[in-house]
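Numbering (my numbering), first residue to last: 193 to 583. Here the structure is laid out as structure tokens; the discussion comes afterwards.
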Amino acid sequence: MRPADLTSASPQAVAHAISQSRRNFLRLATGAAGASAFFGPSTLRALVAPRGKKAVVVTFGGGARDDETFMPDGQENIPHLLNELIPQATFFSQVVNKGILGHYVATASIVTGVYETFNNFAAVSPNNPTAFEYFRKDQKRPATDSWVVAPSNGFARIGESGHQAYGTGLGAGVILPKRLLAAALTSRSDGTRYEHLLRDNYETPLHAPSLTGHQTELNQMAEVLKLSVDDFSSHARSLASPDEMSVYIAKHLMTQFAPSLLWITLHDIDIAHSGTFSLYLDGIKRSDRLCAELWQAIQKDPGYANKTTMFILPDFGRDSDIDAGGNGFQHHRTGDAMSRTTWMMVLGPNVKQNVVVDRAVESIDLVPTLGALLGFNPRYSPGKPLPEVAA
Ligand SMILES: [Zn+2]
């Protein structure tokens with residue numbers, strides 16, 4: 193099948209093609225026989241980076257495997273991605289993460305475009321400049337134009353690097369909704385009703401950073417987002433998960449500031465570490481729905497519609513069922529092909545729809561791609577801009 197044939201293909205045909213091509217890739221990666229890629233490179237376009245463009249990046253939830261997403265048995269978990277988003281997207285079927293597979297350090301690698309090597313559980317800034325710093329410095333943008341909504345205290349320093357040429361004062365604002373909720377609940381007697389929203393880290397019980405939010409921080413957030421603490425905590429009670437709270441905050445940021453670069457790190461899927469497969473699947477289904485909700489919100493918002501490119505990608509995968517060194521879906525310990533190989537979909541006004549790009553790309557290619565779109569120079573990233581969506 194050639195790319196031209198895909199332009200008119202049904203969502204089911206595209207999904208089938210994706211699952212086939214990814215399965216073949218994984219066979220090759222694990223040394224088994226497999227066919228070559230199904231698709232050639234799509235037509236490349238030259239894009240000038242116009243002012244006023246915006247980008248929203250969503251990391252898809254704490255590591256999801258193909259088995260529970262794009263493979264035939266997993267497709268029922270991602271109806272929104274398959275039926276609503278992929279028909280409008282350019283889909284990269286092989287995104288390889290060659291770095292450390294811990295969520296904070298891996299997300300920092302995606303944010304900097306460099307494989308960061310710090311201890312995943314350390315409260316440190318990335319060593320290399322983040323996309324937020326490149327963007328704000330090169331485009332002379334204010335602090336309110338770049339935000340991160342992150343899942344846990346461990347991500348508190350994701351917005352700004354320790355790089356001497358960037359760093360202090362040039363990063364993104366980071367909002368940690370769980371921490372704010374914890375602060376909001378300190379004076380309430382019904383805190384136990386929110387426990388499902390406050391679980392901070394699924395990766396290891398040894399790492400349990402304090403979730404104590406500060407009242408001043410909470411009041412600042414309320415001021416910044418024009419959201420009362422009472423409204424925030426009562427709305428939180430109606431939400432099923434931390435990721436829903438993150439998307440709620442992200443929508444407020446869009447309304448208040450219309451940031452040009454907004455980064456949302458979903459993390460519910462990582463509950464897989466508990467070993468409960470049904471909760472892992474629930475996390476995938478929720479991430480699938482929330483991605484569609486965000487895209488719909490973008491289309492309805494005059495500050496975003498027709499000028500926003502959205503990128504959705506997992507930080508990495510999870511272990512395969514057949515690797516003796518792992519425990520299947522539960523963890524991401526082995527560094528096998530399945531835990532390293534994910535995907536990315538890109539949607540936007542200048543992005544070709546219903547196209548699958550089957551060549552292997554890397555997680556660190558995202559920042560140079562954002563640079564080409566938003567007009568910044570990612571000087572320290574060895575990644576390559578993806579010409580299929582930005583040139
Ligand atoms: Zn994890």
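Glycine included, every Cβ here is placed at the ideal spot set by N, Cα and C. None of these values were measured; they are calculated from a predicted model.
Work out the CA separation of residue j and residue i for me, nearest whole Å.
i: residue 257; j: residue 322; result: 27 Å
i: residue 260; j: residue 422; result: 38 Å
i: residue 434; j: residue 303; result: 21 Å
i: residue 580; j: residue 481; result: 26 Å
i: residue 318; j: residue 551; result: 29 Å
i: residue 527; j: residue 506; result: 15 Å
i: residue 247; j: residue 366; result: 16 Å
i: residue 458; j: residue 443; result: 14 Å
i: residue 454; j: residue 460; result: 19 Å
i: residue 558; j: residue 488; result: 23 Å
i: residue 427; j: residue 339; result: 21 Å
i: residue 534; j: residue 297; result: 17 Å
i: residue 484; j: residue 543; result: 17 Å
i: residue 236; j: residue 263; result: Confidence at residue 236 is low in this model, with a pLDDT of 30, below 50, so the placement of that residue is unreliable and no value is reported for it.
i: residue 346; j: residue 313; result: 7 Å
i: residue 465; j: residue 517; result: 15 Å
i: residue 472; j: residue 463; result: 6 Å
i: residue 582; j: residue 565; result: 6 Å
i: residue 282; j: residue 329; result: 29 Å
i: residue 253; j: residue 212; result: 23 Å
i: residue 343; j: residue 245; result: 26 Å
i: residue 510; j: residue 251; result: 15 Å
i: residue 270; j: residue 356; result: 42 Å
i: residue 326; j: residue 568; result: 6 Å
i: residue 413; j: residue 541; result: 32 Å
i: residue 276; j: residue 520; result: 29 Å
Between residue i and ligand 1, is there a pair consisting of the residue's CB and a ligand heavy atom that are separated by less than 7 Å?
i: residue 460; result: no
i: residue 255; result: yes
i: residue 295; result: yes
i: residue 272; result: no
i: residue 465; result: yes
i: residue 355; result: no
i: residue 524; result: yes
So, with DSSP's three-state summary, where would you put residue i?
i: residue 365; result: strand
i: residue 502; result: strand
i: residue 470; result: helix
i: residue 580; result: coil
i: residue 285; result: strand
i: residue 249; result: strand
i: residue 521; result: strand
i: residue 447; result: helix
i: residue 410; result: helix
i: residue 438; result: helix
i: residue 552; result: strand
i: residue 344; result: coil
i: residue 483; result: helix
i: residue 458; result: coil
i: residue 526; result: coil
i: residue 533; result: strand
i: residue 431; result: coil
i: residue 372; result: helix
i: residue 390; result: helix
i: residue 559; result: helix
i: residue 547; result: strand
i: residue 274; result: helix
i: residue 306; result: coil
i: residue 416; result: helix
i: residue 293; result: coil
i: residue 421; result: helix
i: residue 338; result: strand
Whose CA, out of the options, lies closest to the CA of residue i?
i: residue 563; options: 551, 578, 549; result: 578
i: residue 208; options: 252, 274, 254; result: 274
i: residue 575; options: 547, 472, 307, 504; result: 307
i: residue 556; options: 291, 474, 376, 276; result: 291
i: residue 477; options: 364, 544, 432; result: 432
i: residue 316; options: 325, 569, 352, 335; result: 352
i: residue 467; options: 524, 445, 489; result: 524
i: residue 530; options: 413, 287, 582; result: 287
i: residue 447; options: 437, 495, 414; result: 495
i: residue 386; options: 539, 358, 415, 424; result: 424
i: residue 500; options: 486, 510, 263; result: 486
i: residue 508; options: 519, 536, 493; result: 536
i: residue 548; options: 285, 571, 252; result: 285
i: residue 255; options: 554, 309, 299, 391; result: 299
i: residue 249; options: 503, 572, 374; result: 503
i: residue 311; options: 493, 512, 293; result: 293
i: residue 320; options: 540, 277, 358; result: 358
i: residue 152; options: 420, 354, 360, 364; result: Past the edges of the chain, shown from 193 to 583, lies residue 152, and the structure says nothing about it.
i: residue 210; options: 546, 573, 572, 554; result: 546
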